[in-house]
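One structure is given below, encoded as structure tokens.
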Amino acid sequence: MSDTRVNQLRRDFPILDQEVNGEPLVYLDSGATSQRPTQVLEVERRFLEHENAAVHRGAHTLAALSTVAFEDARETVAAFVGAAPEQISWTLNATDAINLVTGGIRIASAGRGGPRATRLAIGEGDEILITEAEHHANLVPWQELALDTGATLVYVPVNDRGTWSVEDAAALISSRTKVFAFAHVSNVTGLVADAKRLTELAHDAGAIVVLDACQSVPHLPVNFPAIGVDFAAFSGHKMLGPNGVGVLYGRAEMLDALPPARTGGSMISTVTMAASDFMAPPTRFEAGTQPVSQVVALAEAVRYLESVGMDAVASHEAEMGQLLLAGLSGVPGVRIIGEPAGVPRAGLVSFEVAGVHSHDVTQFLDSKGIAVRGGHHCAQPLHRRLGLTASTRASSYLYTSREDVERFVFAVGQIRAWFGVDA
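This is the structure:
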């Protein structure tokens with residue numbers, strides 16, 4: 001996108017028009033959470049002022065309006081990822097969505113959930129394959145599932161740059177592999193996995209595929225049916241939407257087979273003193289009162305992204321990612337995590353400043369009005385593999401400008417001298 005277009009978009013984000021510590025804000029922490037445009041804020045406000053009511057459970061006018069808005073939002077978000085509305089269930093966040101999958105598999109593995117659930121059962125002798133680079137949300141639930149079922153958790157190793165390849169995964173996929181779960185885009189290295197090819201390899205071995213799409217759906221054109229994954233998870237707050245809402249996508253036959261890991265009101269068809277019958281997907285996975293205003297706002301975030309165009313978003317972020325990478329590569333004492341400049345990556349870069357802890361790096365940058373993430377980014381095994389306890393991450397989005405990147409790189413160049421460790 002042109003600088004003019006980026007500046008036009010930035011005017012939709014009032015939070016960017018402020019100073020932090022006496023400096024104009026540079027927000028480079030969109031990998032953690034994105035900012036919200038005025039359009040999204042206004043849609044949620046209007047809904048709460050004029051249509052707010054519980055969905056699917058009232059005969060009054062507001063309940064009807066709320067239910068229509070809720071289900072219209074499902075259609076909008078589903079279409080955004082190439083899915084049918086019944087393939088999209090609302091969750092608390094992406095972590096919750098992944099836990100619904102592991103929880104359902106746990107129930108199936110205990111012999112419950114009916115005949116259809118047997119295709120999801122795992123046990124001793126079976127393997128769950130993930131990578132060393134996974135976010136804890138796509139690692140810890142699988143650890144727990146392996147402990148509960150007796151299955152073996154197998155890791156695709158990363159190289160010294162923190163990345164892995166299709167070939168690395170293919171070497172470990174076998175007839176014992178029952179689940180392959182991986183991130184579409186790494187939240188640390190920016191690696192964009194060949195999800196379609198990896199899914200094909202896993203399916204050829206009879207495994208199901210679970211995709212962590214938190215860093216891909218907000219930033220790239222994504223079509224889950226075209227990729228072929230069985231389940232996928234993403235969250236609203238990383239894609240210009242509100243907190244408190246995530247999405248579970250599933251292939252129809254997989255959702256039909258998956259037992260509900262969370263039960264209660266709203267997801268049942270019949271309840272007796274002895275047993276309960278559950279509704280069909282997607283409602284089966286939506287127990288309790290739903291986050292209706294957040295869902296409505298998420299749909300508006302999708303419409304905003306569509307108005308910009310996901311190809312344009314992806315192209316802009318790829319450019320910002322390469323600018324970040326090229327700039328940091330020229331700063332003495334900076335170690336880049338991930339592939340070098342010129343290799344395709346998402347619009348984020350994690351790095352280490354020699355002799356300075358990432359928390360100090362983050363606080364120094366904050367003093368310059370620059371917001372980045374310092375820590376292990378919920379990826380301790382990856383950092384441990386690379387000999388690090390933490391790193392600093394700069395992550396861009398459609399509102400990131402060239403000036404943002406230039407100010408950031410200039411500030412990073414001052415850090416070692418400020419802390420007295422300049423070579």
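For the sequence shown, the positions run 1 to 423 when this note's numbering is used.
Every residue gets a Cβ at the ideal spot worked out from N, C-alpha and C, and that includes glycine.
(request) Put I370 into one of helix, strand or coil per three-state DSSP. (result) Residue state, collapsed to three classes: strand.
(message) Going by the DSSP bridge assignment, what does A232 pair with across the sheet?
(response) Bridge partners of A232: L211 and Y249.
(message) What does DSSP give as the partner residue(s) for R385 in the beta ladder?
(response) Note: R385 is not bridge-paired with any residue in the DSSP secondary-structure output.
(message) For R10, which residues in the same chain have their Cβ closer than 6 angstroms to its Cβ, ignoring the five residues on either side in sequence?
(response) For R10, where only same-chain residues beyond five positions count, the Cβ hits under 6 angstroms are L16 and Y399.
(request) Check the DSSP bridge columns for P24 and list the partner residues they point to. (result) DSSP lists E19 as partners of P24.
(request) Mind the definition here: the stretch 65-80 touches the stretch 283-303 only if three or more C-beta pairs lie below 8 angstroms; say whether that holds. (result) The stretch 65-80, when compared against the stretch 283-303, does touch it at the 8 angstroms Cβ threshold.
(message) For the structure I just gave you, are there three or more beta carbon pairs, one from the stretch 368-381 and one from the stretch 323-330, closer than 8 angstroms?
(response) Result no; under three Cβ-Cβ pairs closer than 8 angstroms.
(message) Among V222, S2 and Q35, whose alpha-carbon lies nearest the alpha-carbon of A213?
(response) Taking the Cα of A213 as reference, the smallest distance to any Cα among V222, S2 and Q35 is reached at V222.
(message) Assuming G309 and S396 are in contact, meaning their beta carbons sit under 8 angstroms apart, how far apart are those beta carbons, in whole angstroms?
(response) The C-beta separation of G309 from S396 comes to about 17 angstroms, leaving the pair out of contact by the 8 angstroms criterion.
(message) Which of the three DSSP states is assigned to T392 in this structure?
(response) Strand, per DSSP.
(message) With H, G and I counted as helix, E and B as strand and the rest as coil, what does DSSP make of R176?
(response) It is coil, neither helix nor strand.
(request) Sort out for me which residues DSSP pairs P152 with in a bridge. (result) In the sequence as presented, Pro is not what sits at residue 152; that position holds Thr. Within the DSSP bridge table, the entry for T152 names E127 as partners.
(request) Could you check what DSSP says for V412 in three-state terms: helix, strand or coil? (result) In the displayed model, V412 falls within a helix according to three-state DSSP.
(request) Classify L305 as buried or exposed, calling it buried when 16 or more other Cβ atoms lie within 10 Å of its own Cβ. (result) When all chains shown are included, L305 counts as buried.
(message) Quick check: what's the CA-CA separation for Q8 versus A314?
(response) Near 17 angstroms, if we compare the C-alpha coordinates of A314 and Q8.
(request) Can you tell me which of the three DSSP states F80 falls into? (result) The answer is helix: DSSP assigns F80 an H, G or I state.
(message) Can you look up F419 in the DSSP assignment and give me helix, strand or coil?
(response) Reduced to three states, the DSSP call for F419 is coil.
(request) Counting only the same chain and skipping the five closest in sequence on each side, list residues whose C-beta sits under 6 angstroms from that of L122. (result) Residue identity check: residue 122 is Ile in the sequence provided, not Leu. Non-local beta-carbon contacts of I122 in its own chain, meaning distances under 6 angstroms to residues more than five positions away in sequence, involve S109, T149, A151 and K178 in chain order.
(message) Between which two residues does the beta strand (DSSP E) holding L315 run?
(response) The question names Leu, but residue 315 is Ser in the sequence shown. For S315, there is no enclosing beta strand (DSSP E); the enclosing alpha helix (DSSP H) covers residues M310 to S329.
(request) Alpha carbon to alpha carbon, how far is A54 from I336? Give it in angstroms, no decimals. (result) Between I336 and A54, the C-alpha separation is close to 48 angstroms.
(request) Decide yes or no for the touch test of the stretch 76-95 against the stretch 164-182: beta carbon pairs closer than 8 angstroms, at least 3 of them. (result) When Cβ pairs closer than 8 angstroms are counted between the two stretches, the stretch 76-95 is seen not to touch the stretch 164-182, the count staying below three.
(request) With a cut-off of 8 angstroms on the beta carbons, I'd call V356 and G413 a contact; round off their distance for me. (result) The beta-carbon separation of V356 and G413, rounded to 12 angstroms, does not stay under the 8 angstroms limit for a contact.
(request) Compute the beta-carbon to beta-carbon distance between V210 and A181, rounded to the nearest angstrom, for a pair I have assumed lies under 8 angstroms. (result) Cβ atoms of V210 and A181 come within 8 angstroms of each other, at about 4 angstroms.
(request) Can you check DSSP and say which residues form a bridge with V353? (result) According to DSSP, V353 bridges with V334 and V356.
(request) Check whether the Cβ atoms of V26 and F408 sit closer than 9 angstroms, and answer yes or no. (result) With contacts defined as CB atoms closer than 9 angstroms, V26 and F408 qualify as a contacting pair.
(request) Count the other CB atoms, across all protein chains shown, that sit within 10 Å of the CB of Q18; report buried if there are 16 or more and exposed otherwise. (result) Within a 10 Å sphere around the beta-carbon of Q18 sit fewer than 16 other beta-carbons, which makes this residue exposed.
(request) State the DSSP-derived secondary structure class of G104, mapped to helix, strand or coil. (result) Under the three-state reduction of DSSP output, G104 falls in the helix class.
(message) Let's see if you can read the secondary structure: which residues bound the alpha helix (DSSP H) around D194?
(response) First-last for D194: undefined, no H or E at that position.
(message) Cutting at 6 angstroms between CB atoms, please list the residues of its own chain near V185, excluding the five before and the five after it.
(response) The answer, listed in chain order, is V192, Q215, S216 and A346.
(request) Specify, as a first and last residue, the run of the alpha helix (DSSP H) that I227 falls within. (result) I227 -> alpha helix (DSSP H) spans F224 to I227.
(message) Can you give me the C-alpha to C-alpha distance between R402 and R5, rounded to a whole angstrom?
(response) Each residue's Cα considered, the two are about 12 angstroms apart.
(request) Measure the alpha-carbon distance for L248 versus L147 and round it to whole angstroms. (result) So the alpha carbons of these two residues sit roughly 24 angstroms apart.
(message) If the criterion is Cβ atoms closer than 9 angstroms, does the pair V188 and H60 meet it?
(response) No.
(request) Report, in whole angstroms, the separation of the C-beta atoms of G288 and S266, which I expect to be a contact under 8 angstroms. (result) The pair is a contact, with the Cβ atoms about 6 angstroms apart (cut-off 8 angstroms).
(message) Would A341 and V421 qualify as a contact pair, given that the criterion is a beta-carbon distance under 9 angstroms?
(response) In terms of Cβ geometry, A341 and V421 do not form a close pair [threshold 9 angstroms].
(request) Would you list the one or two residues that DSSP bridges to A469? (result) No answer is possible for residue 469: it lies beyond the span of the chain, which begins at 1 and ends at 423.
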